[in-house]
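A.B. asks: Just remember that our numbering sits 559 ahead of the position in the sequence shown, which is counted from 1. I'd like to ask some things about the structure below.
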Amino acid sequence: MGPGRCPGAGPDLLDDLPGWGPVGTGAGVFQLVPVRVERDLELITRWMNDPAVAAFWHLDGPEHLTEKHLRTQLEGDGRSVPCLGVLEGVPMSYWEIYRADLDPLARHYPARPQDTGVHLLIGEVPGRGRGLGSLLLRAVADLVLDQRPGCARVVAEPDLRNVPSIAAFLNAGFRFGAELELPDKQAGLLIRDRALRHLL
560 MGPGRCPGAG PDLLDDLPGW GPVGTGAGVF QLVPVRVERD LELITRWMND PAVAAFWHLD
620 GPEHLTEKHL RTQLEGDGRS VPCLGVLEGV PMSYWEIYRA DLDPLARHYP ARPQDTGVHL
680 LIGEVPGRGR GLGSLLLRAV ADLVLDQRPG CARVVAEPDL RNVPSIAAFL NAGFRFGAEL
740 ELPDKQAGLL IRDRALRHLL
């Protein structure tokens, strides 16, 4: 049982994400490292309290709000794994890799078996607005498709008001699939298709 799994959890729904290993990117070696609350809570809470992040994640405030959000995933059935994005040995982003086909999101779009979702925030301000998000999104989408052979699509559902996020996904080879009316936001459905990954 790897990090990000809890005793008594069901089957491994994300094909051993903790064992995926590092990947090379144009910005250096990058790795998804499953969150450990005791190690990572202070850092992630700081990121969640950045106004640019809080506007879309809605997890600003005391540490216990972020802790509850993380523990809900870590103590769940394994359908969502919160991770730090570590670039050249430095934690610089927060990711959630999740089974979109098993998520409430699947009620709002034509989900396919094994669809894998991605949430991302760049935690350090100097990393924003310079193309780093697109670079890492492409790397992570490729990593998902490489490590999850049953997954034909990587999906995301950013808030339509979050124009920089949507642009980052589009620049990373995702296509705009639809507008979604979700309970907490108007979202864009962004899709990276396995069949098109070498064309976009």
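Glycine residues also receive a C-beta, built at the ideal position from the N, C-alpha and C atoms.
Does DSSP put F589 in a helix, in a strand, or in coil?
C.D. replies: Here the question's residue 589 lines up with position 30 in the sequence shown. Residue state, collapsed to three classes: strand.
A.B. asks: Helix, strand or coil for R658? Go by DSSP, reduced to three states.
C.D. replies: On the sequence shown, residue 658 is found 99 positions in, with the first residue counted as 1. R658: strand per DSSP, three-state reduction.
A.B. asks: Compute the distance between the beta-carbons of V714 and G692, then report whether it is under 9 Å.
C.D. replies: As a first step, residue 714 is located in the sequence shown; it is residue number 155 there, counting from the start. As a first step, residue 692 is located in the sequence shown; it is residue number 133 there, counting from the start. No, the pair does not count as a contact, with Cβ atoms beyond the cut-off.
A.B. asks: Taking the alpha helix (DSSP H) that Q706 falls in, what are its first and last residues?
C.D. replies: The sequence position of residue 706 within the sequence shown is 147, counting from 1. Start and end: 691-706.
A.B. asks: Determine the DSSP secondary structure at P581, reduced to helix, strand or coil.
C.D. replies: Residue 581 sits at position 22 when you count from the first residue of the sequence shown. Three-state DSSP puts P581 in coil, outside helix and strand.
A.B. asks: I'd like to check one pair, R707 with R671: are the Cβ atoms closer than 9 Å?
C.D. replies: In the sequence shown, counting from the first residue as 1, residue 671 sits at position 112. In the sequence shown, counting from the first residue as 1, residue 707 sits at position 148. Cβ atoms of R671 and R707: not closer than 9 Å.
A.B. asks: Taking the alpha helix (DSSP H) that V774 belongs to, which residues open and close that run?
C.D. replies: Lying outside 560 to 759, the shown extent of the chain, residue 774 is not represented and no answer is given.
A.B. asks: Just the C-alpha distance for E601 and M651, rounded to the nearest angstrom, thanks.
C.D. replies: Translated into positions along the sequence shown, residue 601 becomes position 42. Translated into positions along the sequence shown, residue 651 becomes position 92. Each residue's alpha carbon lies about 13 Å from the other.
A.B. asks: Give every residue of the same chain whose Cβ lies closer than 7 Å to the Cβ of T604, excluding the five residues on either side of it in the sequence, and list them in chain order.
C.D. replies: Start at 1 with the first residue of the sequence shown, and residue 604 comes out as number 45. Hits under 7 Å: E622, T625.
A.B. asks: State the start and end residues of the unbroken alpha helix (DSSP H) segment that holds E601.
C.D. replies: Position 42 of the sequence shown holds residue 601. 596-607 is the extent of the alpha helix (DSSP H) around E601.
A.B. asks: Whole-angstrom Cβ separation of L664 and G676, contact assumed at under 8 Å?
C.D. replies: Here residue 664 corresponds to residue number 105 of the sequence shown, with the count starting at 1. Here residue 676 corresponds to residue number 117 of the sequence shown, with the count starting at 1. L664 to G676, Cβ: 7 Å. Contact.
A.B. asks: How would you call V703, buried or exposed, if buried means at least 16 neighbouring beta carbons within 10 angstroms?
C.D. replies: The residue given as residue 703 occupies position 144 in the sequence shown. When all chains shown are included, V703 counts as buried.
A.B. asks: If you follow the alpha helix (DSSP H) that R630 is part of, which residue opens it and which one closes it?
C.D. replies: Position 71 of the sequence shown holds residue 630. Element bounds for R630: 622-633.
A.B. asks: Using the Cα positions of G583 and D705, report the straight-line distance between them to the nearest angstrom.
C.D. replies: As a first step, residue 583 must be located in the sequence shown, where it is residue number 24. As a first step, residue 705 must be located in the sequence shown, where it is residue number 146. Each residue's Cα considered, the two are about 14 Å apart.
A.B. asks: Could you check if A746 is buried or exposed, using at least 16 other CB atoms within 10 Å of its CB as the buried criterion?
C.D. replies: Position 187 of the sequence shown holds residue 746. Under this definition A746 is a buried residue.
A.B. asks: Taking the alpha carbon of G580 as the point to measure from, which residue in R687, P717, L748, P593 has its own alpha carbon closest?
C.D. replies: Numbered from 1 along the sequence shown, position 21 holds the residue referred to as residue 580. Answer by Cα proximity: P593.
A.B. asks: Quick one: grab the DSSP three-state call for P672.
C.D. replies: As a first step, residue 672 is located in the sequence shown; it is residue number 113 there, counting from the start. Looking at P672 - three-state DSSP - the assignment turns out to be coil, as it is neither helix nor strand.
A.B. asks: Verify whether the separation of the beta carbon atoms of D718 and F615 is less than 9 Å.
C.D. replies: The residue labelled residue 718 in the question sits at position 159 within the sequence shown. The residue labelled residue 615 in the question sits at position 56 within the sequence shown. Cβ atoms of D718 and F615: closer than 9 Å.
A.B. asks: Leaving aside the five residues before and after D752 along the sequence, list all residues of the same chain whose C-beta is less than 6 Å from its C-beta, in chain order.
C.D. replies: Mapped onto the sequence shown, residue 752 falls at position 193. Excluding sequence neighbours, D752 sits near R712.
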